[in-house]
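S.K.: Those sequence lines, one after another, are chains A and B. Just so we're aligned, residue 66 is where the first sequence starts under this note's numbering, counting upward by one. Just so we're aligned, residue 85 is where the second sequence starts under this note's numbering, counting upward by one. Backbone N, C-alpha and C fix where the C-beta goes; we use that ideal spot for every residue, glycine too.
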Amino acid sequence: DAKTTQPPSMDCAEGRAANLPCNHSTISGNEYVYWYRQIHSQGPQYIIHGLKNNETNEMASLIITEDRKSSTLILPHATLRDTAVYYCIVRAGGSNYKLTFGKGTLLTVNP
Amino acid sequence: SQTIHQWPATLVQPVGSPLSLECTVEGTSNPNLYWYRQAAGRGLQLLFYSVGIGQISSEVPQNLSASRPQDRQFILSSKKLLLSDSGFYLCAWKQGSTNTEAFFGQGTRLTVV
Numbered sequence: 066d067a068k069t070t071q072p073p074s075m076d077c078a079e080g081r082a083a084n085l086p087c088n089h090s091t092i093s094g095n096e097y098v099y100w101y102r103q104i105h106s107q108g109p110q111y112i113i114h115g116l117k118n119n120e121t122n123e124m125a126s127l128i129i130t131e132d133r134k135s136s137t138l139i140l141p142h143a144t145l146r147d148t149a150v151y152y153c154i155v156r157a158g159g160s161n162y163k164l165t166f167g168k169g170t171l172l173t174v175n176p
Numbered sequence: 085s086q087t088i089h090q091w092p093a094t095l096v097q098p099v100g101s102p103l104s105l106e107c108t109v110e111g112t113s114n115p116n117l118y119w120y121r122q123a124a125g126r127g128l129q130l131l132f133y134s135v136g137i138g139q140i141s142s143e144v145p146q147n148l149s150a151s152r153p154q155d156r157q158f159i160l161s162s163k164k165l166l167l168s169d170s171g172f173y174l175c176a177w178k179q180g181s182t183n184t185e186a187f188f189g190q191g192t193r194l195t196v197v
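Structure representation (structure tokens):
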């Protein structure tokens with residue numbers, strides 16, 4: 066799986082959009098970008114994933130650059146409950162069974 | 085719907101004692117199963133994964149072992165715990181060979197004293 070680089074921490078004001086970047090410059094054509102988050106003392110929770118098109122669901126939007134070397138997770142209206150560690154993972158589908166996490170970004174939403 | 089059960093939620097064990105953590109998945113068949121450990125203030129470390137009954141892949145050499153005696157049951161064990169085995173242990177499942185997300189249990193916080 067391609068390696069990802071994320072800032073270790075970010076701050077965001079409550080009610081504002083949180084934009085979390087991820088670099089995956091070695092991504093290959095069959096690798097998807099996944100985002101998870103982990104609220105303190107809980108198991109990680111899936112947020113969204115995509116291949117090359119931008120994706121949106123009820124939790125967030127995922128913007129993938131045209132060259133697919135980076136992506137941004139957008140939480141449109143951050144709340145205090147969005148304070149968590151956000152993990153960006155790049156992995157191939159099909160028979161790739163391993164699922165490994167980096168260190169992620171600690172997002173702190175401030176009142 | 086699919087659910088994942090992991091127990092116990094917390095555990096305090098003395099050094100040198102054995103360990104058995106169990107994880108079961110309901111509502112799916114032939115899932116990929118994973119055990120992770122998270123030391124205090126650290127990231128998620130993949131310990132073991134399994135793609136089928138009796139098939140275990142180990143990611144790091146350690147004092148732990150894993151077994152999958154049934155399709156939807158994944159067990160993490162140790163014969164003799166070390167202080168360094170303390171941490172937050174998470175079980176996860178994913179539908180194999182698909183571009184789908186993984187689902188995590190609520191974790192077991194193990195303290196070895």
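So which of A:T70, A:T170, A:T130 and A:V150 has the shortest CA-CA distance to A:N119?
M.R.: Stepping through the first sequence from its first residue, residue 119 of chain A is reached at position 54. The candidate whose alpha carbon is nearest that of A:N119 is A:T130.
S.K.: Taking 6 angstroms as the limit between beta carbons, can you name the residues of its chain near B:Y118, skipping five residues before and five after?
M.R.: The residue you call residue 118 of chain B lines up with position 34 of the second sequence. Around B:Y118: Y133 and A176.
S.K.: My guess is that B:T192 and B:A93 are in contact by the Cβ rule of under 8 angstroms, so how many angstroms apart are they, rounded?
M.R.: For the purposes of this step, residue 192 of chain B is taken as residue 108 along the second sequence, with counting starting at 1. For the purposes of this step, residue 93 of chain B is taken as residue 9 along the second sequence, with counting starting at 1. Confirmed, about 6 angstroms.
S.K.: Scan the segment 107-137 of chain B and note each continuous beta strand (DSSP E) run of 3 residues or more that stays entirely inside, going in chain order.
M.R.: Complete beta strand (DSSP E) runs here, min 3: 115-122 and 129-136.
S.K.: For B:P92, list the residues DSSP reports as bridge partners.
M.R.: To locate residue 92 of chain B, count along the second sequence from 1; it is residue 8. B:P92 pairs with nothing; no bridge assigned.
S.K.: Should A:H105 be labelled buried (16 or more other beta-carbon atoms within 10 Å of its own) or exposed?
M.R.: Position 40 of the first sequence, counted from the first residue, corresponds to residue 105 of chain A. It counts as exposed.
S.K.: Using only the alpha-carbon positions, how far apart do A:V174 and B:P153 sit?
M.R.: To locate residue 174 of chain A, count along the first sequence from 1; it is residue 109. To locate residue 153 of chain B, count along the second sequence from 1; it is residue 69. Answer to the nearest angstrom: the Cα atoms are 43 angstroms apart.
S.K.: Taking buried to mean at least 16 other C-beta atoms within 10 Å of its own C-beta, is A:N122 buried or exposed?
M.R.: The sequence position of residue 122 of chain A within the first sequence is 57, counting from 1. Exposed, because fewer than 16 other Cβ atoms sit within 10 Å of the Cβ of A:N122.
S.K.: Going by other Cβ atoms of all chains shown within 10 Å of its Cβ, with 16 needed for buried, is A:D147 buried or exposed?
M.R.: For the purposes of this step, residue 147 of chain A is taken as the residue at position 82 of the first sequence. Buried, since its Cβ has 16 or more Cβ neighbours within 10 Å.
S.K.: Compare the Cα-Cα distances from B:E106 to each of B:H89, B:N116 and B:N183 and report the closest residue.
M.R.: One-based indexing of the second sequence puts residue 106 of chain B at position 22. That would be B:H89, whose Cα lies nearest to the Cα of B:E106.
S.K.: So, does the CB of B:G191 fall closer than 9 angstroms to a CB anywhere in chain A?
M.R.: Taking the first residue of the second sequence as 1, we reach residue 191 of chain B at position 107. Closer than 9 angstroms to some Cβ of chain A, the Cβ of B:G191 qualifies, so yes.
S.K.: Along the chain, where does the beta strand (DSSP E) containing B:G171 start, and where does it finish?
M.R.: Here residue 171 of chain B is taken as the residue at index 87 of the second sequence, counted from 1. Residues G171 to Q179.
S.K.: By how many angstroms is the C-alpha of A:L127 removed from the C-alpha of B:S62?
M.R.: The structure shown does not extend to residue 62 of chain B, since chain B is modelled only from 85 to 197, so the question has no answer here.
S.K.: Name the two residues that bound the continuous beta strand (DSSP E) containing A:L138.
M.R.: For this step, residue 138 of chain A is matched to residue 73 along the first sequence. Unbroken beta strand (DSSP E) run through A:L138: S135 to L140.
S.K.: Measuring CB to CB, does A:M75 end up less than 9 angstroms from A:L171?
M.R.: Counting from 1 along the first sequence, the entry for residue 75 of chain A is found at position 10. Counting from 1 along the first sequence, the entry for residue 171 of chain A is found at position 106. It is a contact, given that the beta carbons lie within the stated cut-off.
S.K.: Quick one: what does DSSP say A:D147 is sitting in, helix, strand or coil?
M.R.: Counting from one through the first sequence, the residue named residue 147 of chain A turns up at place 82. A:D147 falls in the helix class under three-state DSSP.
S.K.: Applying the 10 Å Cβ sphere with the 16-neighbour rule, what's the burial state of A:A125?
M.R.: One-based indexing of the first sequence puts residue 125 of chain A at position 60. Result: buried.
S.K.: Helix, strand or coil, according to DSSP, for A:N90 in the structure here?
M.R.: What you label residue 90 of chain A is simply residue 25 of the first sequence in a count that begins at 1. The sequence as given places Ser at residue 90 of chain A; Asn does not occur at that position. If DSSP states are grouped into helix, strand and coil, A:S90 belongs with coil.
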